[in-house]
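Trainee: Got a structure here, written out as structure tokens. Questions coming.
Residue numbers (the numbering used here): 22 to 362.
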């Protein structure tokens with residue numbers, strides 16, 4: 022097959038890559054945002070690669086003692102949420118060394134000033150002053166390698182992540198211009214707009230793994246922990262249960278969560294709780310959350326009890342990923358002009 026035909030064939034396929042750093046237990050923001058999007062992609066992609074970005078985690082991780090544990094937690098979470106290893110390739114980044122190999126080659130066409138202007142680099146440098154390292158600066162290069170290694174045609178992102186993907190697209194264009202067209206330029210798959218899940222203690226901020234424990238509902242929280250966190254969730258000085266993001270952001274956030282768990286409209290919930298107090302509302306919300314998360318918890322416990330099964334899934338995924346990666350790197354090495362011995 023001619024090189025041009027290979028490019029056309031790759032571009033005609035719906036190859037999607039998504040990844041997340043294993044930095045801790047996921048929370049409701051992920052459960053209602055990232056996870057449903059991955060499951061949607063699983064239905065429409067010709068090939069879906071779900072990567073646990075453990076190498077990326079090292080860029081800001083001062084202590085890697087929990088990296089293995091967190092990687093397994095993320096794998097369990099993916100699988101318990103419905104990601105099917107028969108339909109998707111789920112793997113850890115570190116088990117596919119071709120990521121590093123391609124990253125080095127892509128760095129040759131990645132100007133330092135371009136990387137320094139990356140807004141994420143500026144933010145992460147401020148958030149992690151002790152970790153202003155080469156890995157942090159070159160993060161977009163490795164991210165581009167993650168995508169291009171599999172000739173991904175699409176990457177699911179939020180609108181705020183468009184600048185990140187544009188860097189990968191630019192690196193792809195530069196590499197193609199340097200050695201000849203080899204990579205499809207990946208397209209952004211803008212995620213469907215979902216309501217942001219806010220902190221239970223400060224509704225001016227998004228729910229986050231880095232904030233205090235009681236500010237978030239983690240997916241591994243026990244039923245009693247879920248009840249306790251909703252019980253102490255902030256509301257406001259009024260008593261009316263109504264949706265008003267500007268004037269009543271805290272109770273509006275809780276209404277959003279209730280609606281997402283129950284599948285009922287916010288208007289319907291407002292009507293049901295008309296004249297009732299916040300305590301009753303939060304108690305009912307907690308029970309809906311506990312019941313809704315129960316199937317996930319049961320599946321997670323099964324996986325947690327059998328880590329070898331999960332590791333086997335990851336090994337198989339890495340093997341499949343490496344088969345694709347090896348073909349790509351063979352083409353890259355030929356294009357670059359490396360001696361074939």
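Just so it is clear, CB atoms sit at the ideal spot from N, CA and C, and this is done for glycine as well.
Quick check on residue 176: does DSSP put it in helix, strand or coil?
Mentor: Strand.
Trainee: Just the C-alpha distance for residue 220 and residue 270, rounded to the nearest angstrom, thanks.
Mentor: Answer to the nearest angstrom: the Cα atoms are 10 Å apart.
Trainee: Would you check if the distance between the CB atom of residue 48 and the CB atom of residue 239 is smaller than 7 Å?
Mentor: A contact, by the Cβ cut-off of 7 Å.
Trainee: Under the assumption that residue 139 contacts residue 188 (Cβ atoms under 8 Å), give the Cβ distance between them as a whole number of angstroms.
Mentor: With 8 Å as the limit, residue 139 and residue 188 qualify as a contact, their Cβ atoms being about 6 Å apart.
Trainee: Who are the near neighbours of residue 119 in its chain, counting only those whose CB is closer than 8 Å to its CB and skipping five residues on each side?
Mentor: So the qualifying residues of the chain are 170, 343, 346, 347, 349 and 350.
Trainee: If you follow the alpha helix (DSSP H) that residue 98 is part of, which residue opens it and which one closes it?
Mentor: Looking at the DSSP string, the run of the alpha helix (DSSP H) that includes residue 98 is 88 to 101.
Trainee: Could you give the DSSP three-state label for residue 149: helix, strand or coil?
Mentor: If DSSP states are grouped into helix, strand and coil, residue 149 belongs with coil.
Trainee: Can you give me the C-alpha to C-alpha distance between residue 173 and residue 246, rounded to a whole angstrom?
Mentor: Using only the alpha carbons, I get a separation of about 40 Å.
Trainee: Looking at residue 92 and residue 73, is the spacing between their C-beta atoms short of 7 Å?
Mentor: Closer than 7 Å, so yes.
Trainee: Below 7 Å between beta carbons: does that hold for residue 186 and residue 80?
Mentor: Against a cut-off of 7 Å, the Cβ pair of residue 80 and residue 186 comes out as no contact.
Trainee: Distance, Cα to Cα, residue 304 vs residue 57?
Mentor: When rounded, the distance between both Cα atoms is 26 Å.
Trainee: Let me confirm a value: residue 8 is counted as buried when at least 16 other C-beta atoms fall within 10 Å, else exposed. Which label applies?
Mentor: Lying before the first or after the last residue shown, residue 8 is absent from the chain, which here runs from 22 to 362.
Trainee: Could you spell out the range, first to last residue, of the beta strand (DSSP E) harbouring residue 209?
Mentor: Run containing residue 209: 208 to 211, per the beta strand (DSSP E) assignment.
Trainee: Does DSSP put residue 230 in a helix, in a strand, or in coil?
Mentor: Here residue 230 sits in coil by DSSP.
Trainee: The beta strand (DSSP E) that contains residue 44, what's its start and end?
Mentor: No beta strand (DSSP E) holds residue 44; DSSP gives it neither H nor E.
Trainee: Starting from residue 18, trace the alpha helix (DSSP H) in both directions and tell me its first and last residue.
Mentor: With the chain covering only 22 through 362, there is no way to say anything about residue 18.
Trainee: Hey, out of 296, 77, 337 and 253, whose CA is closest to residue 121's CA?
Mentor: It is 77 whose Cα lies nearest to the Cα of residue 121.
Trainee: Taking all protein chains shown into account, decide if residue 114 is buried (16 or more other Cβ within 10 angstroms of its Cβ) or exposed.
Mentor: So residue 114 counts as buried.
Trainee: What residues match up with residue 68 in a beta bridge as DSSP calls it?
Mentor: BP columns for residue 68 point to 36.
Trainee: Measure the Cβ-Cβ separation of residue 53 and residue 338 and say whether it is below 7 Å.
Mentor: No, Cβ-Cβ distance for residue 53 and residue 338 is not below 7 Å.
Trainee: Out of curiosity, what's the CA-to-CA distance linking residue 309 and residue 203?
Mentor: Straight-line Cα distance between these residues: approximately 50 Å.
Trainee: Between residue 130 and the rest of its own chain, which residues show a CB-CB distance below 6 Å, the 5 nearest in sequence each way excluded?
Mentor: So the qualifying residues of the chain are 195, 196 and 199.
Trainee: Going by the DSSP bridge assignment, what does residue 239 pair with across the sheet?
Mentor: Per DSSP, 48.
Trainee: Rank 166, 249 and 215 by C-alpha distance to the C-alpha of residue 179 and give the top, closest one.
Mentor: Residue 179 has its Cα closest to that of 215, out of 166, 249 and 215.
Trainee: Of the choices 46, 38, 50 and 301, whose alpha-carbon is the least far from that of residue 282?
Mentor: Closest by alpha carbon: 50.
Trainee: When the Cβ atoms of the segment 223 to 243 are set against those of the segment 309 to 328, are three or more pairs found closer than 8 Å?
Mentor: Enough Cβ pairs lie closer than 8 Å, so yes.
Trainee: Just confirm the distance between the C-beta atoms of residue 38 and residue 70, as a whole number of angstroms; I'd bet it's less than 8 Å.
Mentor: With a Cβ gap of about 4 Å, residue 38 and residue 70 count as contacting.
Trainee: Please work out which residues of its chain come closer than 6 Å, Cβ to Cβ, to residue 106, disregarding the five sequence neighbours upstream and downstream, and give them in chain order.
Mentor: Around residue 106: 334.
Trainee: Report the rounded CA-to-CA distance for residue 225 versus residue 218, giving the unit in angstroms.
Mentor: Going by the C-alpha atoms only, they are around 11 Å apart.
Trainee: Bridge partners for residue 113 per DSSP, in chain order?
Mentor: BP columns for residue 113 point to 73.
Trainee: Give me the Cβ distance between residue 231 and residue 222, rounded to the nearest whole Å; I'm assuming they're in contact under 8 Å.
Mentor: Their Cβ separation, rounded to whole angstroms, is 13 Å, which puts residue 231 and residue 222 out of contact at 8 Å.
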